[in-house]
Amino acid sequence: MKAVQGPGHKLDGPTSHGAGPAGHPAPALSTRAAADTALRTRRWGVNRSRWQRRAAPYIFVSPFFILFAIFGLYPIAFSLYLSFHNWNAVGGLGTMEWVGIENYAFLLTDPWFWKSLWNTVVLLVVSGLPQHVIAIPLAFILNSGLVRLRNLFSSSYFMPYITSTVAVSMIFATIYGTQYGALNAALSWLQQHAGLGWLFDLVGLEMPVNWLGRAPYIKPAIAMLVVWRWFGWNTVLYLAGLQTIPRELYEAAMVDGAGVYQQFRWITLPLLKPIVFFAMTLTIIGNMQLFDEPYILTNGTGGTSEAGLTVALYLYRTGFEWLYMGSAAAMSWALFLVIVGLSFANFRLIGRAGLERRGG
Amino acid sequence: MAILRRSRGLRNLGTGILSVVLVLALGAGASAKTTITVGVFPDLDSVIKAVIPEFNKAYPDIEIKLQALGYADHHNALLTALATGSGAPDVVAVEIGYLGRFAVQGGLTDLSKPPFSGGQYRDLFVPYAWGQATTADGRIVAMPADIGPGTMFYRRDVVQAAGLDINTVNTWDELVAFGRKVTRDTNGDGKPDVFLIAAASTIADAMYRGNIPEGEGVYFDARGRTVVESPRFVKAFTVAQQVRRAGLDARIGSWSNEWYEAFKRGTVAVELSGAWLAGHLQNWMAPDTAGKWGARDLPENMYVSWGGSFYAIPEQSKNKADAWKLVQFLTTRRDIQLLAFRTTNAFPALRAALDDPTFDEPVPFLGGQKARRMWAEAASKVHASVIHPGDPVAQEIVTSALTQVLEEGKDVKQALAEAKQLIERRVRR
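Those sequence lines, one after another, are chains A and B.
If you use the UniProt record's numbering, the first sequence closes out at 360, no skipped numbers anywhere.
If you use the UniProt record's numbering, the second sequence closes out at 429, no skipped numbers anywhere.
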């Protein structure tokens, strides 16, 4: 408020001094400011001028705040309120019943909640890390100028991101099919015709693999889909980050005789840290709310032994399928706190160091 | 002259006003025709479309506005409307899987009370369907429209190719024994490619839903106590486990592409489901397999309810009287129930409709078998069971326990004991 008002006063200059709080028209002065005021007065009418100049910005930005209040703030506040109630939505709003922290207490002792949290964190790691491990070198290669048709490659890597998650998940569900799935067909070809049978025996993989039916395979199946869908997005982020690194650094390094790997290790990686922090934060927030992929791949159930049950999926089921709305609201707040915690940890680990180096 | 002209003008004005009043009066007369909205999911939308002309003959003053949404969308939209207290249609279709959820007090109108007094129709319906629409505290939350008697479909060609006879299967143990013979390797790659059934879990599902003691629900008894540790569940889980251990099921989940593919290719010999599966197979899943299928009662004369739809009136409806007229029309009239049956093959819940000669006609898709009569008789033998608001969550937990038994080799008793604990924790609240 203050900051906005300050310059406003300055701009008004002598006019506002003369006008006083009542907003009377200032006596005409021969300064340039006065001439401006006179022009404005003619255009807008004297009394409205000052008020409009102050209010206009607020009016112009108000749609956002109004919409945010309705669609953002109100649901947030309501879900917090709801999390202290027991509510079966079918009975209407009148059937809400205050239960205090019971919903939170229930969550802390609910084995399925802990299981879903564990699943989500495991999926965050096994589907989050590979995205970056693939994306950073890929972006480096694309940016190095050694690759022709760079734009074609980066846009095709970006393709999975702009495709509908639901459609993609359904295609993957078909690929993961036990009897007629493409993945199992490829694997059994490798096993029988490519002379890799010993590898299957070594790993103990029994064909055909029931990817979406057996608990140990569900998380890898989901993770493969998530990695496929998101590494291109990260690649594009890193490409953008690479563009900010001055070419001279590489040139100087080359003069000093540094090879490609050394350039990558000692220039690209350290200078990319702020982008790594940013991309990691997005991954944490996104993967902690993983929903569509496990929903489609496990037929909306979370799969055998709830191996694919993420917190977001469990919360949806609790609220909208079993109608324990209060419980679901409490779960969403618990998830929010976990995401805040992980983002903070990420900041401590990567962010601060990266940002400081950049700043200093 | 001027005066005359002016008075004529006045007279004209008067006539104008009169005619406006007349038009308004007529308009008011026309708007005495009320509109009721009906919310349904496919294929019930085609039923409503087929019924509208008949209904308007009987009730020319009531106009029907149809709102059809996808199966899940329809129920989600209904949930939202009930939660917020506005936006629900005057008449809604509710599938049996959702009925327990919506049976909570305050959502759907209790049709047992006057002016509805729905109890008068009790004896017209297949008893178990009526039981499903009645809550433990005696409220009637919906009227039954169609039912899904459980049945066993089998592939005549597959059974024959294995040199077997389906009529030897009369108990669940005999089904397992039959499965050991029918499951075989036909292309010589050392792995079976014809299986007894798509998923072993389907067998357990049929078994614990079958022969529920009178007055008990699938998962809860009349007093709301969990019954998942009863012999009904232990036996069901054990048989399913045997089937899985012997490698007799293809491990294919229902409603997946692989499931349809298995039906098309004939790689599963039997499938247990509601009688409605014949319609799906014929219409879109495997139309080329017409004539190759047969249907039988489930082993051990087990009669189960496998799906069904109901019509209800949300508490927030402002046209309850007219809505009730439509619900009665849809559910209690024999000709309308038969019309619905001809439209979508939805099996009528009205007993009088089951006497129709249509039910004695052979079904070409099932190789000319007179399966409908068999299903009608099966439907009349299903016990009435009580619905409980905790049914959806209990179903979830039991299904999860079953997959752990099948996929991870967990002990049956232990899995059920854990399931019981989980259900009790949830439902207590």
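We treat Cβ as the ideally placed atom computed from N, Cα and C, and that holds for glycine.
- Between B:Pro149 and B:Gly274 the beta-carbon gap is near 7 angstroms, inside 8 angstroms, which marks them as a contact.
- Shown here, A:Pro208 sits in coil according to DSSP, grouped into three states, outside any helix or strand.
- Close to chain B, meaning a Cβ-Cβ distance shorter than 7 angstroms, is no residue of the stretch 182-208 of chain A at all.
- Legend: CB atoms of the stretch 302-316 of chain A lying less than 7 angstroms from CB atoms of chain B belong to residues Thr304, Ser305, Glu306.
- Bridge partners of B:Lys65 according to DSSP: B:Thr37.
- One thing to note: B:Ile62 has its Cβ no nearer than 8 angstroms to the Cβ of B:Thr37.
- Annotated three-state conformation of A:Ala307 is coil, per DSSP.
- B:Phe237 has a beta carbon lying at 8 angstroms or more from every beta carbon in chain A.
- Contact between the stretch 90-103 of chain A and the stretch 320-335 of chain A is present: 3 or more CB-CB pairs across the two stretches fall below 8 angstroms.
- Annotation: B:Gly163 is outside any beta strand (DSSP E) and is labelled neither H nor E by DSSP.
- Interface annotation, B:Ser46: not in contact with chain A, CB-CB separation never under 8 angstroms.
- For A:Glu293, no CB of chain B lies under 8 angstroms from its own CB, so it is not counted at the interface with that chain.
- Looking at the backbone, the Cα of B:Trp276 and that of B:Glu300 are separated by about 21 angstroms.
- Residue-level contact by beta carbon fails for A:Phe78 and chain B, as no gap is shorter than 8 angstroms.
- For a cut-off of 8 angstroms, the C-beta gap from B:Leu196 to B:Gly179 is around 3 angstroms, short enough to register as a contact.
- DSSP places B:Ile147 in the strand class (E or B) of the three-state scheme.
- Of the residues assessed, A:Ser169 falls on the buried side of the cut-off, its CB having 16 or more other CB atoms within 10 angstroms.
- Taking C-beta atoms as the reference points, B:Phe329 and B:Ala58 count as a pair closer than 8 angstroms.
- Between B:Phe102 and chain A, the shortest Cβ-Cβ separation is below 8 angstroms.
- For B:Ser385, the closest C-alpha among the options B:Asp45, B:Leu78, B:Thr135, B:Gly118 is that of B:Thr135.
- From the beta-carbon of A:Trp322, the residues of chain B found nearer than 7 angstroms are Pro392, Val393.
- Listed along chain A is no residue with a C-beta nearer than 7 angstroms to that of B:Arg244; the closest approach is about 11 angstroms.
- Between B:Ala103 and A:Leu323, the alpha-carbon positions lie close to 12 angstroms from each other.
- Annotated as distal: A:Asn210 and A:Ala135, with beta-carbon spacing of 8 angstroms or more.
- By the criterion of at least three beta-carbon pairs nearer than 8 angstroms, the stretch 104-113 of chain B is in contact with the stretch 303-313 of chain B.
- Residue environment: B:Asp146 is assigned as buried (16 or more neighbouring CB atoms within 10 Å of its CB, all protein chains considered).
- In the displayed model, A:Trp98 falls within a strand according to three-state DSSP.
- Interface annotation, B:Ser400: in contact with chain A, CB-CB separation under 8 angstroms.
- At a C-beta separation below 7 angstroms, B:Thr344 has no neighbours in chain A, since its nearest C-beta there lies roughly 25 angstroms away.
- Under the rule that a run must span 4 or more residues, the alpha helix (DSSP H) segments found entirely inside the stretch 49-125 of chain B read 71-84, 96-102.
- Excluding sequence positions up to five before and after B:Ala262, its CB lies within less than 7 angstroms of the CB of Ala198, Ala250, Ile252, Val268, all in the same chain and listed in chain order.
- In the displayed model, A:Ile66 falls within a helix according to three-state DSSP.
- Non-local beta-carbon contacts of A:Ala279 in its own chain, meaning distances under 6 angstroms to residues more than five positions away in sequence, involve Asn234, Leu237 in chain order.
- Going by beta carbons, A:Pro130 and A:Val276 fall outside the 8 angstroms limit.
- In this structure, B:Val40 lies away from B:Ala83, with their beta-carbon atoms at least 8 angstroms apart.
- Here B:Leu298 carries a strand assignment [DSSP, helix/strand/coil].
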